[in-house]
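Only one structure is covered here, and it is reproduced in the block below.
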Amino acid sequence: MRSWSSPDVPVLADLGLGHGSAPSVHDSATGALQVLDGSGDARLYVCGITPYDATHLGHASTYLAFDLLQRVWRDQGRDVVYTQNVTDVDDPLLERAVATGVDWVELAERETQLFRDDMTALRVLAPRHYVGAVESIDLVLGLIDQLEAAGAVYRVDDDLYFDVHADPAFGAISGLDAEQMAQLFGERGGDPERAGKKHPLDCLLWQAERPGEPAWPSPHGPGRPGWHVECAAIALEHLGTTFDVQGGGSDLVFPHHEMSASEAAVATGEPFARAYVHAGMVALDGEKMSKSKGNLRLVSALRTSGRDPMAIRLALLAHHYRSDWEWFDEQAVEAQARLTSWRSAVARPSGPPAAQLVAAVRQAMAHDLDAPAALAAVDAWAARNGDDTESPHVVRTVVDALLGVSL
Ligand code: 5CA
Ligand code: ZN
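At position 265 of the sequence shown the residue is numbered 294 (this note's numbering), and the sequence of numbers has no breaks.
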């Protein structure tokens, strides 16, 4: 499907600033920092929205984390092939469509467009491949064929299941014990109680048509794809095997990323990704912000209330991507004050030399995307005076290139 348009990313090397170093990020599978070295195009997959309600600050915060990663890669001189899906057919979307009397296709299109508009306003870099589940049915069926050939598929009634024991490494990404897995699987869309399954954690690959729900023809009978196989199929098609980073919010570690990675590994015989990177959860009123609970601050609502999108972006950047944190409306006010102070600092005819700041921002961002440390470095520069006539322009460019904030 159509992506959105990316903002231009200035190249710091063009200002004679050379290149930054390779990013290190926290890999959930190993629990350690991993250097994302390599040459050529970096390959990134980030799980996209299920478009049944508008983008909230939790979504925005997660997508912003992976925008930062791309900016570090680009500063290193690498191109990034970025793929993101849209779960444009799934239970929560269909349920919301029925509850509100809206056609499910229209609901998905409307909310996906709002997401594109929000991402554009926040200057979040766009995926090169923006791919819906509905347009990927053939890819999913192809991956199911590969899994069948590997002996990892079985039938319960008319539904197809993935046998998690076909992957000897199953569980390696989340590192959870059996009890924790069973609980999360039940809470996050799985069906551990379903009779006839070989193992409670086995997940749906193909769900047979249910009355009143959309379905597509297949050799297994009419139905629709399971959730995890959707992302596995889209990522493998557009990035290949063993791409650099599989990303998303921490609520996707299990079962979603565990299952997708297992399915892909069993089908291809290769690791799915090199690193599994997860953003923390944003809360509101003491609870994880979520469409299903309705405790939301929408990006679009903040925008229409007159908030400068760059202040929203700065408010999100004030938190390290891996931390869980709670939104309070005052954070937008603080971010606006920071934005105003930065804007007046770069509008000065001269400022303190920028070299130290450039190094500090680069170092902070390359070290597990430490945006709060980068913000502190810019604050410190803005608070001082100096007679370097180049530095305001350099700082404006660095803030744009690495933090995505247009001053
Ligand atoms: N379509 C699937 C992924 S394939 C999905 O999880 N969609 S979603 O709309 O529910 O979430 C989209 C992204 O936002 C996911 O990466 C999810 O982890 C992240 N997310 C959801 N709620 C929050 C939150 N409160 N804080 C931070 N990130 C969140
Ligand atoms: Zn996904």
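In this text, a Cβ means the ideal position worked out from N, Cα and C, and glycines have one as well.
Would you call the CB atoms of residue i and residue j closer than 8 Å?
i           : j           : result
residue 423 : residue 383 : yes
residue 257 : residue 210 : no
residue 148 : residue 137 : no
residue 354 : residue 306 : no
residue 269 : residue 233 : no
residue 195 : residue 181 : yes
residue 144 : residue 91  : no
residue 219 : residue 236 : no
residue 346 : residue 404 : yes
residue 435 : residue 152 : yes
residue 173 : residue 286 : no
residue 105 : residue 55  : no
residue 292 : residue 176 : yes
residue 62  : residue 358 : no
residue 402 : residue 393 : yes
Taking DSSP as the reference, what is the three-state secondary structure of residue i?
i           : result
residue 243 : coil
residue 55  : strand
residue 92  : helix
residue 272 : strand
residue 61  : strand
residue 102 : helix
residue 73  : strand
residue 254 : strand
residue 129 : helix
residue 237 : strand
residue 79  : coil
residue 327 : strand
residue 110 : strand
residue 355 : strand
residue 423 : helix
residue 38  : coil
residue 417 : strand
residue 115 : strand
Near residue i, what residues of its chain come up, given a Cβ to Cβ distance below 7 Å and the 5 sequence neighbours on each side ignored?
i           : result
residue 231 : 190, 191, 192, 193
residue 185 : 223, 225, 226
residue 44  : 423, 426
residue 279 : 307, 308, 309, 310
residue 165 : 259, 262, 263
residue 109 : 70, 71, 73, 99, 102, 103
residue 295 : 176, 179, 181, 195, 196
residue 267 : 112, 158, 160
residue 244 : 238, 251, 252, 253
Within the same chain, show all residues whose beta-carbon is closer than 6 Å to that of residue i, passing over the 5 residues directly before and after it, in chain order.
i           : result
residue 163 : 117, 118
residue 64  : 51, 53
residue 276 : 75, 95, 306
residue 364 : 340, 343, 344
residue 366 : none
residue 335 : none
residue 86  : 311, 326, 356
residue 111 : 73, 156, 157
residue 406 : 386, 389, 390
Rounding to the nearest angstrom, what Cα-Cα distance links residue i and residue j in this structure?
i           : j           : result
residue 337 : residue 228 : 50 Å
residue 351 : residue 59  : 15 Å
residue 114 : residue 379 : 45 Å
residue 242 : residue 386 : 56 Å
residue 249 : residue 179 : 17 Å
residue 160 : residue 417 : 47 Å
residue 317 : residue 121 : 17 Å
residue 89  : residue 328 : 8 Å
residue 125 : residue 400 : 36 Å
residue 376 : residue 46  : 21 Å
residue 314 : residue 205 : 28 Å
residue 368 : residue 150 : 16 Å
residue 99  : residue 240 : 43 Å
residue 323 : residue 79  : 15 Å
residue 299 : residue 40  : 34 Å
residue 57  : residue 199 : 14 Å
residue 409 : residue 362 : 19 Å
residue 217 : residue 428 : 38 Å
residue 30  : residue 290 : 24 Å
residue 415 : residue 432 : 23 Å
residue 221 : residue 281 : 17 Å
residue 135 : residue 128 : 14 Å
Could you confirm whether any beta carbon from chain B is found closer than 8 Å to the beta carbon of residue i?
i           : result
residue 121 : Reference to chain B is not applicable here, since this structure consists of a single protein chain.
Skipping 5 residues on each side, what residues in its chain have a beta carbon closer than 8 Å to that of residue i?
i           : result
residue 273 : 65, 67, 71, 72, 73, 302, 303, 304
residue 171 : 262
residue 419 : 383
Residue ranges of each beta strand (DSSP E) within the region 133–204, 3 or longer: 158–161, 182–185, 188–191
Length-filtered (4 minimum) alpha helix (DSSP H) runs lying within the region 361–411: 384–395
As an exercise, report each continuous beta strand (DSSP E) stretch of at least 3 residues that is fully enclosed by the region 272–322, in chain order. 272–278, 302–308, 311–313
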